[in-house]
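So the protein lines, in turn, are chains X and W. Just so you know, we're using the working numbering here: the first sequence kicks off at 17 and counts up by one. Just so you know, we're using the working numbering here: the second sequence kicks off at 82 and counts up by one. Some notes on the structure that comes next.
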Amino acid sequence: MNENLLEVKGLHTHFHTQDGIVRAVEDVNFSIKTGETLGLVGESGCGKSVTSLSIMGLLPDTSEVYGEIIFEGEDLLKKTKRQMRRIRGNDLSMIFQEPMTALNPVYTIGDQIAETLRLHQGMRKNKAMKKAADYLELVGIPSPEQRVNEYPHQLSGGMQQRAMIAMALSCDPKLLIADEPTTALDVTIQAQILELMKELKDRIKTAIVLITHDLAVIAEMCERVIVMYSGRIVEIAGIKELFKRPFHPYTEGLINSIPKMHEKTEFLYEIEGAVPNPLDAPPGCKFHNRCDFAQEKCRQNEPELTSLENNHLVRCFYPRNVEGGVELSGTQK
Amino acid sequence: MAPKSNGTMMQVQNLKKHFPIKGGILSRTVGLVRAVDDISFEIRQGETLGLVGESGCGKSTTGKVLMRLLEPTSGEAQFSGDSIFQLKGKQLYDYRKKVQMIYQDPFSSLQPRATVEDMLGEILKYHGLARTRQEVRERVIELMEMVGLSDFHIGRYPHEFSGGQRQRIGIARALSLDPEMIICDEPVSALDVSIQSQIINLLKRLQKKLNLTYLFIAHDLSVVKHISDRIGVMYLGKLVELTGEEELFYNPLHPYTRSLLEAVPIPDPERTRVKAVIKGDVPSASKPPPGCVFHTRCPEKFDRCPQEKPQFHQVKDDHYVYCHLYE
């Protein structure tokens, strides 16, 4: 199972706006293996959602996407809209943050799940509706035969998100992109949904890209993590490695700035300042103006994403938590 | 019922807030949403009392009622000896000087067409804390520095600030009248992780410096645990547990509190979570279950729970719980 299911190579996504070009995603490279759960973490505006929408081909026409997105050996960026429609919802599917806005309010839950099955698998309506009920049962919705005939507003937020998951899984996708799947939910419901996703992953062997701003959710769910900042990947590491020895000062700061229930500290670590405006990003390393360890070099040159140890990559000249310390290279910008 | 101790700043007793549900062509009241249903607690001088719970549990309604933004259905609340719900005219005006509020969404709670100086200036002038333009400017600059902004920010409009900066302005506005107590309603939930820690630290520093008392309302248990001295847990309009922050964490009594603590994801991949998640959803507050409101989801329910309402009572020193298990 060492085959890469998805490979993203040199992905750039730019938006043309009245105020100039917004470079939302810059030179993003990563891959995901069959059955793996990969976390994508970062703050608002870091490009994590745009990365996922670029993969899904769901961006508006005002955007420009360069690079390669190889899914099962084929470049998704070279596909026509029609071909993409056949892949989306079938081999590649997505769960969104707000189930209420992602579900169609005028169709029943069953109709919406059955539509996917009828379109992609050519199922008859009766059979598709039965299958829809099976999926609702799979995601833990009680009395599924009755729920298939209900409308989204008749379900609670947690139930709606379960229905979304049922829909996303209905065609046995090879890759599932979950964009903040639990952010809009209460904590006890979040725990239920995360538990469900773990169970289903083991059963269906779907690869998952989990996008979230919540490091705690990442810690519970993922095997590998990508940290993004200002449109760039700043660190890729195994989950335990990332929490134990974060290389990038941003990752380290992020981990230290969340309140931890098992520790008592008077003040939390603060990353000063705010995320840069994408229209006016600083030169050099994008994080240098908020970094406690920035030096002259960081202000002028942009570091490259470099593999420092086995499967642990970082975009920083002076990575943290490295014994003896090292200096990495970059490009003049 | 919570007894009164020394240094009580606010005493809340049997507070209820029910919203009517209107229906039919005559808009008669056809039901009640029991948003806050008979809760009692005190807020002590200089402390941070955290109020935590899931959506719809009544935590924000409690804050709004205590701020007199909503009228209570029944119950009593006293602020340094005066009954809050009886206040009128000049007294209410004085009360609002002493108790201020910070909201979740800083952008919608700021006036979009006023510069920071105009907005804060209006408050200062209305309450007679600054008269001349010079006085206003000095005080506004002082407030801006207090919340970590600079004097060059005072001529800007809300849309020119980032989310974290807007929340700082919201805090500056709350501080402008030198309040004794601030009700913080989800002040960091809309902010990014790195900004969240800045605002939490700012609130803590200001509390020390100005000797403030906070009622801190939030759904994020790790944030509430970090900032609070005592924590109240709410569920479906009821206060189900109230105790010190450490005690709540190491010795939670109410089954709901325990489930809540177990459900919080831990930012540590080495820890494996105990898989004991509570099932089901929160029932509707317009049709709360009979007996104990939590019995429909409770892993430890027994015969008494669906029949009899538990009392909110003291189990040990400074530890109150609403549960039949401890009666």
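All residues carry an ideal CB built from backbone N, CA and C; glycine is no exception.
Comparing C-alpha positions only, which one of the options sits nearest to residue i?
i	options	result
LEU342 (chain W)	W:LEU320, W:SER303, W:HIS307 and W:PRO350	W:SER303
THR89 (chain W)	W:GLN248, W:MET262, W:ILE204 and W:LEU210	W:MET262
VAL233 (chain X)	X:ARG102, X:THR222, X:ILE271 and X:ARG261	X:ILE271
LEU192 (chain X)	X:LEU27, X:VAL338 and X:GLU52	X:GLU52
ILE222 (chain W)	W:PHE242, W:GLU198 and W:ASP186	W:GLU198
LYS360 (chain W)	X:SER65, X:THR199 and X:VAL203	X:VAL203
ALA118 (chain X)	X:PRO197, X:GLY83 and X:LEU210	X:PRO197
GLU282 (chain X)	W:GLU389, W:GLN279 and W:MET148	W:GLN279
GLY229 (chain W)	W:LEU284, W:ILE347 and W:GLU135	W:LEU284
GLN176 (chain X)	X:LEU54, X:GLN113, X:ILE287 and X:PRO262	X:GLN113
CYS265 (chain W)	W:HIS376, W:SER275, W:CYS404 and W:ARG254	W:ARG254
CYS238 (chain X)	X:ASP230, X:MET244 and X:LEU226	X:LEU226
ILE205 (chain X)	W:PRO350, W:ALA344, W:LEU224 and W:MET182	W:ALA344
ILE120 (chain W)	W:GLY137, W:LEU168 and W:LYS98	W:LYS98
ASP349 (chain W)	X:GLU279, X:GLY63 and X:GLU286	X:GLU279
TYR337 (chain W)	W:LYS306, W:TYR403, W:GLN192 and W:LYS390	W:TYR403
ARG339 (chain W)	W:GLN288, W:VAL321, W:GLN181 and W:LYS103	W:VAL321
Considering residue i, what are the terminal residues of the beta strand (DSSP E) in which it resides?
i	result
LYS397 (chain W)	393-397
GLU128 (chain W)	Neither: GLU128 (chain W) is in no beta strand (DSSP E) and is coded neither H nor E.
SER109 (chain X)	108-111
MET182 (chain W)	180-183
PRO336 (chain W)	First-last for PRO336 (chain W): 336-344, but that is the alpha helix (DSSP H), not the beta strand (DSSP E).
LYS25 (chain X)	20-33
PHE329 (chain X)	The question names Phe, yet the displayed sequence has Leu at residue 329 (chain X). Start and end: 328-330.
ALA158 (chain W)	155-160
PRO319 (chain X)	317-319
Quick check on the DSSP output: the alpha helix (DSSP H) that includes residue i runs from which residue to which?
i	result
LYS97 (chain X)	97-103
PRO101 (chain W)	PRO101 (chain W) -> not in any alpha helix (DSSP H); beta strand (DSSP E) instead, spanning 89-104.
ASN305 (chain X)	No alpha helix (DSSP H) contains ASN305 (chain X), which DSSP labels as neither H nor E.
CYS138 (chain W)	Here CYS138 (chain W) belongs to no alpha helix (DSSP H), and DSSP marks it neither H nor E.
HIS136 (chain X)	125-137
THR322 (chain X)	Taken as a continuous stretch (DSSP letters only), THR322 (chain X) belongs to no alpha helix (DSSP H), being part of the beta strand (DSSP E) at 322-325.
MET116 (chain X)	115-118
Between which residues of its own chain and residue i is the CB-CB distance below 8 Å, once the five residues before and five after are set aside?
i	result
LEU154 (chain X)	ALA182, LEU185 and LEU216
PHE100 (chain W)	LEU113, VAL114 and ALA116
SER190 (chain W)	TYR184 and GLY251
LYS221 (chain X)	THR50 and GLY51
LEU210 (chain X)	THR198, VAL233, GLU236 and MET237
Tell me which residues share the same chain as residue i and place their Cβ nearer than 6 Å to its Cβ, disregarding the 5 neighbours each side in the sequence.
i	result
VAL217 (chain W)	GLY202, LEU205 and ALA211
LYS179 (chain W)	PRO260 and GLU261
GLN348 (chain X)	No answer about GLN348 (chain X) holds up, because its pLDDT of 49 lies below 50 and its placement is not dependable.
ALA271 (chain W)	GLN185 and ASP186
GLY139 (chain W)	ALA116, VAL117, MET315 and GLY318
Tell me which same chain residues have a C-beta within less than 7 Å of the C-beta of residue i, skipping the five on either side of it?
i	result
PRO292 (chain X)	SER246, PRO298 and LYS302
LYS145 (chain W)	LEU151
MET72 (chain X)	ARG104, LEU108, MET110 and ILE193
LEU295 (chain X)	ASP35, GLY36 and VAL38
ASP308 (chain X)	PRO265
Complete runs of the alpha helix (DSSP H) confined to the region 46-94 of chain X [at least 4 residues] | 64-72
Within the region 206-231 of chain X, ranges of the beta strand (DSSP E) (whole runs, at least 3 residues) | Fully enclosed beta strand (DSSP E) runs of 3 or longer: 223-228.
Could you name the residues of the region 116-137 of chain W whose beta carbon sits closer than 7 Å to any beta carbon of chain X, in the order they occur along the chain?
-> GLU135 and SER136
For the region 233-266 of chain W, enumerate the residues whose C-beta is nearer than 7 Å to any C-beta of chain X, in chain order.
-> SER243 and GLY245
Go through the region 234-283 of chain X residue by residue and report every complete run of the beta strand (DSSP E) that reaches 3 residues or more, in order.
-> 240-245 and 248-254
Contact set between the region 304-336 of chain W and chain X, restricted to residues whose Cβ is under 7 Å from the partner | VAL304, LYS306, HIS307 and PHE330
At what residue ranges does the region 359-404 of chain W contain a whole run of the beta strand (DSSP E), taking only runs of 3 or more?
-> 393-397 and 400-403
Continuous beta strand (DSSP E) assignments of at least 3 residues falling wholly in the region 141-215 of chain X | 191-195
Given a limit of 9 Å on CB to CB distance, which residues of the region 266-279 of chain W reach chain X?
-> ASP273, VAL274, SER275, ILE276, GLN277, SER278 and GLN279
Going along the chain, which residues of the region 258-273 of chain X sit with their C-beta nearer than 9 Å to a C-beta in chain W?
-> LEU258, PHE259, LYS260, TYR266, GLY269, LEU270, ILE271, ASN272 and SER273
What alpha helix (DSSP H) runs, 4 residues minimum, are completely inside the region 264-343 of chain W?
-> 274-291, 302-308 and 326-331
Interface positions of the region 160-185 of chain X facing chain W (Cβ-Cβ less than 9 Å), listed along the chain | Of all residues in the region 160-185 of chain X, only SER172, GLY173, GLY174 and MET175 place a beta-carbon less than 9 Å from a beta-carbon of chain W.
What are the start and end residues of each continuous alpha helix (DSSP H) run of 4 or more residues lying completely inside the region 197-260 of chain W, in chain order?
-> 197-207, 214-227 and 244-256
Which residues, in order along the region 374-394 of chain W, keep a beta-carbon less than 9 Å from a beta-carbon of chain X?
-> ARG378
What residues in the region 57-71 of chain X bring their beta carbon closer than 8 Å to a beta carbon of chain W?
-> GLU59 and SER60
Scan the region 166-179 of chain W for residues whose Cβ lies nearer than 7 Å to a Cβ of chain X and list them as they occur along the chain.
-> none
Near-chain B residues of the region 234-246 of chain X (beta-carbon distance less than 7 Å), N- to C-terminal order | Reference to chain B is not applicable here, since the protein chains of this structure are X and W.
Chain-ordered residues of the region 107-141 of chain X with a beta carbon less than 8 Å from chain W | none
Which of the residues in the region 211-234 of chain W, read from start to end, lie with their CB under 9 Å from any CB of chain X?
-> none
Between the region 198-227 of chain X and chain W, which residues of the former have a C-beta closer than 8 Å to a C-beta of the latter?
-> Under the 8 Å Cβ criterion, the region 198-227 of chain X contributes ASP202, VAL203, THR204, ILE205, GLN206, ALA207, GLN208, LEU210 and GLU211.
Going along the chain, which residues of the region 88-119 of chain W sit with their C-beta nearer than 7 Å to a C-beta in chain X?
-> none
Which residues, in chain order, does the region 150-161 of chain W contribute to contact with chain X at a C-beta distance below 7 Å?
-> Answer in chain order: no residues at all.
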